[in-house]
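Below is one structure, written out as structure tokens; comments come after it.
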Amino acid sequence: MSYLETTHDVYKEAALTPDVGLCCTTNPIWELPGLKIPKIMQEMNYGCGSTVHARDLTNNPKMLYVGVGGGMELLQFSYFNRQKGGVIGVDVVDEMLEASRKNFKIAEEQNEWFKSDFVELKKGDALHLPVEDNSIDVAAQNCLFNIFKADDLKKAIKEMHRVLKPHGRLVMSDPTCEQPMNDELRNDERLRALCLSGSLPIVEYVKALTDAGFGTIEIRARKPYRILDPKHYNTDELIYIESIEVAAIKDPMPEDGPCIFTGKAAIYFGDDDYVDDKNGHILLKNQPLAICDKTAGALASLNRDDIFISESTYHYDGGGCC
Ligand SMILES: C[S@@+](CC[C@H](N)C(=O)[O-])C[C@H]1O[C@@H](n2cnc3c(N)ncnc32)[C@H](O)[C@@H]1O
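What follows is the structure, encoded as structure tokens:
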């Protein structure tokens with residue numbers, strides 16, 4: 061059996077019998093005015109962060125969600141455009157599609173604005189999306205891509221890039237891990253399917269996105285996720301897993317490389333009103349400017365003693381350079 065087949069089996073089971081402990085999200089289940097999340101969707105929240113950010117969802121975007129789970133985030137996305145077929149949901153597991161279909165019916169009863177046909181469910185694989193080229197404004201996946209091994213991850217990201225319109229965005233949440241993991245853990249198909257042993261260091265995760273051509277990356281959140289300890293897992297040392305929320309934007313790749321926002325800011329505190337770096341960035345005195353890592357490097361290389369550059373906070377929420 062391949063690790064992809066094991067993954068199907070794990071999620072077939074999780075569709076038939078909701079498993080509250082399957083993923084360890086630290087996010088609260090958010091409900092907005094008039095938005096009620098049915099209990100069954102909450103029990104089937106198999107993600108590790110949120111991919112629903114209001115600022116991505118203006119102007120009735122056409123949305124795609126890959127790996128539907130219990131359907132909670134598709135319902136949250138629908139809240140923002142409320143149109144027939146506004147959100148396409150793709151999943152490879154029949155039982156998961158069926159479970160989410162039932163959950164949308166329950167959501168209809170609890171949300172007077174919502175209709176099940178706001179979500180178009182399609183059977184399909186993240187590695188071969190049943191979606192046209194350049195047709196999507198906002199695509200999302202939560203806790204699926206970390207399961208894929210390198211070649212499949214490459215294919216899945218390439219597929220997302222293909223279906224997005226120019227400047228469209230891929231919003232994701234996945235576990236990440238900065239420590240090496242041994243091959244037994246890495247190749248344990250069940251642990252991988254459970255989002256425990258496939259995670260990459262953030263730098264590698266981001267590189268997979270920029271290698272596919274995404275010109276702008278935003279790391280929006282970084283949070284504690286899980287521990288793999290020697291008593292319960294095949295490891296000699298304690299392994300700390302985090303989760304991140306990331307947006308990859310289909311901007312053209314800048315000639316000098318991607319703009320990767322990790323939450324750095326520059327603050328000019330000199331004697332003038334502002335500094336112009338002659339590279340498109342104006343630093344107003346005492347006003348923090350969000351900068352990408354590339355700009356941070358360029359400003360640091362000026363060796364000025366009146367510009368402070370902060371560390372990465374891994375909490376970027378818009379604005380700034382590039
Ligand atoms: C960890 S769950 C996450 C579910 C949902 N995103 C959430 O946050 O609750 C992974 C989801 O991806 C689906 N899945 C697994 N392999 C897939 C594939 N190759 N293509 C599309 N969906 C897949 C599973 O059926 C399941 O719904």
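The numbering used here numbers the first residue of the sequence shown as 61 and each following residue consecutively.
C-beta atoms are modelled at their ideal positions from N, C-alpha and C, and glycine is treated no differently.
Can you list, in chain order, the residues of its chain whose CB lies under 7 Å from that of Lys72, leaving out five sequence neighbours each side? Closer than 7 Å at Cβ, skipping near neighbours: Val153 and Glu155.
Of the residues Leu64, Asp332, Ala200 and Gln347, the one placed nearest Met220, counting alpha carbons only: Of the listed residues, the one whose Cα sits closest to Met220 is Ala200.
Can you tell me where the alpha helix (DSSP H) holding Lys214 begins and where it ends? It spans Ala210 to Val223 - the alpha helix (DSSP H) in which Lys214 sits, taken as one unbroken run.
Residues that DSSP places opposite Pro284 in a beta bridge: DSSP lists Glu302 as partners of Pro284.
Could you give the DSSP three-state label for Arg115: helix, strand or coil? Assigned with DSSP and collapsed to three states, Arg115 falls in helix.
Is Arg229 closer than 8 Å to Ala308 when the C-beta atoms are compared? Remark: C-beta atoms of Ala308 and Arg229 approach each other more closely than 8 Å.
Would you be able to state if there are at least three C-beta pairs under 8 Å between the segment 211 to 219 and the segment 292 to 300? Verdict: no, contact absent.
Here's the rule I'm using: 16 or more other beta-carbon atoms within 10 Å means buried, otherwise exposed. How should Ser62 be labelled? Note on Ser62: under 16 other CB atoms within 10 angstroms of its CB, so exposed under the neighbour-count rule.
Which first and last residues belong to the alpha helix (DSSP H) in which Ile100 is found? Membership of Ile100 in the alpha helix (DSSP H) is indicated by the continuous run Lys99 to Glu103.
Looking at the strands, I want to know which residues DSSP matches up with Gln347. Answer is none; Gln347 lacks a bridge partner.
Ligand 1 and Ala186: does any heavy atom of the ligand fall closer than 7 Å to the residue's C-beta? True, at least one ligand heavy atom lies under 7 Å from that Cβ.
Rounded to whole angstroms, what is the Cα-Cα separation between Pro88 and Cys381? When rounded, the distance between both Cα atoms is 31 Å.
Taking 7 Å as the cut-off, does the CB of Gly127 come closer than this to any heavy atom belonging to ligand 1? Annotation for Gly127 indicates a beta carbon within 7 Å of some heavy atom of ligand 1.
List, from N- to C-terminal side, the beta strand (DSSP E) runs of 3 residues or more that fit wholly inside the segment 142 to 167. Counting whole runs of 3 or more residues, the segment 142 to 167 contains the beta strand (DSSP E) stretches 147 to 151.
Using the beta-carbon count (16 or more within 10 Å), is Val263 buried or exposed? With fewer than 16 other Cβ atoms within 10 Å, it is exposed.
DSSP bridge partner residues for Cys319 (one or two, in chain order): Per DSSP, the beta bridge partners of Cys319 are Thr276.
The beta strand (DSSP E) enclosing Leu181, as first and last residue numbers: Here the beta strand (DSSP E) through Leu181 covers Val179 to Lys183.
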